[in-house]
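Beneath this line is the structure, given in structure tokens, with notes to follow.
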Amino acid sequence: MEARDAELKKELDATLHARKELGEEYESALVDSFLEKVEQRLDGAVDRRVRRQLAEQQMVVARGSRSPQGSSDSFGERFGFGIVSMVLAIPLSAIGGGVAELPGLLVAWAGIVGVNVVQAARNSPNFFRRRKSSQDSEWED
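Mapping of the sequence shown onto our numbering: position 25 corresponds to residue 29, and the numbering continues sequentially without gaps.
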């Protein structure tokens, strides 16, 4: 990255030198030219990153492992979220109960439960679907 920075510094120095020689009337054209070079450099860097990420995702899919979206349903993430939720529940309960007594405590816990329900639904798309019981058989008499 330092080589690219050195190239950009050279470009900037050349632009400033040209501005000194040509005068203020060419300043906007010189600045536009320099910004266009910076934009091209940024576009190239973004393109390389996107291509690299796509290649990594294709490798993951080709190997047949988890989906390219990552391990959003891993045990560690669920466990960590549950621990953080419980740790934050203590001060939230104290604040809610101390400020607004029972209604504040209920609001705090409604928020905690709501966040956990949303997290569970995000990790398990079938979370809200009704499970079939033995009575809901597809075979009807």
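Ideal Cβ placement from N, Cα and C applies to all residues, glycine included.
DSSP places asparagine 120 within a helical segment (H, G or I) once states are collapsed to three. Under the DSSP assignment, serine 32 falls in the alpha helix (DSSP H) whose first and last residues are 31–67. Annotation: glycine 101 to proline 95 spans about 10 Å, alpha carbon to alpha carbon. The criterion of a C-beta distance shorter than 7 Å is satisfied by alanine 124 and phenylalanine 131.
The C-beta distance from valine 42 to leucine 20 rounds to 14 Å, too long to meet the 8 Å contact threshold.
With respect to leucine 34, arginine 23 sits close: the two C-beta atoms are nearer than 7 Å. An exposed status is given to alanine 18, since fewer than 16 other beta-carbon atoms sit within 10 Å of its beta-carbon. If you ignore the 5 residues before and after leucine 16, its C-beta comes within less than 8 Å of the C-beta of Phe38, all in its own chain and listed in chain order.
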